[in-house]
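Colleague: Numbering (my numbering), first residue to last: 841 to 1141.
Beta carbons: idealized from backbone N, C-alpha and C, even for Gly.
Just so you know, these numbers come straight off a predicted model, no measurement behind them.
1) For residue 1068, list the residues DSSP reports as bridge partners.
2) Identify the residues that DSSP records as bridge partners of residue 1019: which are they?
3) Determine contact between the region 1076-1095 and the region 969-976, defined as no fewer than three beta-carbon pairs at a distance below 8 Å.
4) Excluding sequence positions up to five away, which residues of its chain have a Cβ less than 8 Å from the Cβ of residue 854?
5) Comparing alpha-carbon positions, which option in 1002, 1055 and 1042 lies nearest residue 1061?
6) Can the beta-carbon of residue 1070 be found less than 8 Å from the beta-carbon of residue 1012?
7) From the DSSP output, which residues share a beta bridge with residue 1139?
8) I'd like to confirm the pairing. Which residues does DSSP put opposite residue 1055 in its beta bridges?
9) Taking the straight line between their C-alpha atoms, what separation do you get for residue 1066 and residue 1055?
10) Compute the distance between the beta-carbons of residue 1104 and residue 1016, then report whether it is under 8 Å.
11) Rounded to whole angstroms, what is the Cα-Cα separation between residue 981 and residue 1120?
12) Going by CA-CA distance only, name the one from 1108, 1034 and 1079 that's closest to residue 1046.
13) Please look up how many angstroms separate the CB atoms of residue 1107 and residue 1122, rounded, as I've assumed it's under 8 Å.
14) Tell me which same chain residues have a C-beta within less than 8 Å of the C-beta of residue 865, skipping the five on either side of it?
15) Quick one: residues in its chain with C-beta nearer than 7 Å to the C-beta of residue 1076, no 5 flanking neighbours on either side, listed in chain order?
16) By DSSP's criteria, residue 990 is part of a beta bridge. Which residues make up the other side?
17) Is it right to say residue 1033 is buried, meaning 16 or more other beta carbons lie within 10 angstroms of its own, or is it exposed?
18) Please work out which residues of its chain come closer than 6 Å, Cβ to Cβ, to residue 995, disregarding the five sequence neighbours upstream and downstream, and give them in chain order.
19) If we call anything under 8 Å between Cβ atoms a contact, is residue 968 one with residue 931?
20) On the criterion of 16 or more Cβ atoms from any shown chain inside 10 Å, does residue 1010 qualify as buried, or is it exposed?
21) Run through DSSP, which three-state label would residue 943 get?
22) Candidates 984, 935 and 979: which alpha carbon is nearest residue 962's?
23) Sorted by chain position, which residues of the same chain lie with C-beta nearer than 6 Å to residue 1116's C-beta, five sequence neighbours on each side aside?
24) Could you give the residue range of the alpha helix (DSSP H) that holds residue 1033?
25) Pick helix, strand or coil for residue 869, following the three-state DSSP scheme.
26) Between the Cα of residue 1083 and the Cα atoms of 988, 1138 and 948, which residue gives the shortest distance?
27) Which stretch, first to last residue, makes up the alpha helix (DSSP H) that contains residue 1111?
28) Alpha carbon to alpha carbon, how far is residue 1036 from residue 942?
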């Protein structure tokens, strides 16, 4: 049984390969239609051939005409029905092409149980699973595993586009650059495990303080930044103060160690800023000023 099925499959693939070498029609649907057209006209061809061979062609034109009309009607119905039966294959191919080109989620029917229905169901489920996997991988690729904030890769991509949009639309935009004061000494005194807890608390403070809008980023080590869309100088200052206070209270309540403070540089988008780099440079300058003037403070530029 399995050998017979394998032989049929091999013959079918050989026939398929042969049809690919046929120059016209070029499309899969066209070739399938051509096969059906030829198949439905075999009775007519056989009849005409027999009449010619037997010498009765001149006396039986009525029969030929009836068979011809019946063949044409049957062919039209066959081709229409075949077009409907081929539609699941075409829809599945279109769904694959749309997802590959534009990542458009598929919307194929999954209620049919024949081979074509199973094909659509398989394509639908496979593409949806692939889409979820891609979303997960993309999220992991731009997320800091310790704090759950975005990472440097995210800000280099999305952050740059966000600033460009704000400039083009003339909207307010601010950036905070945050550094944990004397973090190396804290790690040396308490160990990296407790140091990691401090970083997590800073991330929590950023999330809590930017609920109304803003994206927190861990850029590496103890350095963070926050992008604040539609946020002017006063709004950015208020967010920075909330982050500093929330961090101090979090460390005091959960870690019960000496006070942990933050230095924060704040910069607001100016007309002269061409890129995220320009805004970031000014925020870094303000952070450096905060550190040089005693730490545990914010500086706004």
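Modeller: Well, looking at it:
1) 1014
2) 1063 and 1103, per the DSSP bridge assignment.
3) When Cβ pairs closer than 8 Å are counted between the two stretches, the region 1076-1095 is seen not to touch the region 969-976, the count staying below three.
4) none
5) 1042
6) yes
7) 1105
8) According to DSSP, residue 1055 bridges with 1067.
9) 6 Å
10) Contact: yes.
11) 22 Å
12) 1079
13) A Cβ-Cβ distance of about 4 Å is found for the pair residue 1107 and residue 1122, placing them in contact under the 8 Å criterion.
14) Around residue 865: 871, 873 and 874.
15) Contacts found: 1014, 1016, 1068, 1106 and 1108.
16) 983 and 1057
17) The C-beta of residue 1033 has fewer than 16 other C-beta atoms within 10 Å across all chains shown, which makes the residue exposed.
18) 1057
19) no
20) With fewer than 16 other Cβ atoms within 10 Å, it is exposed.
21) coil
22) 935
23) 999, 1000 and 1003
24) 1032-1049
25) helix
26) Per the C-alpha coordinates, the member of 988, 1138 and 948 positioned closest to residue 1083 is 1138.
27) Premise fails: residue 1111 is in no alpha helix (DSSP H) and is neither H nor E.
28) 40 Å
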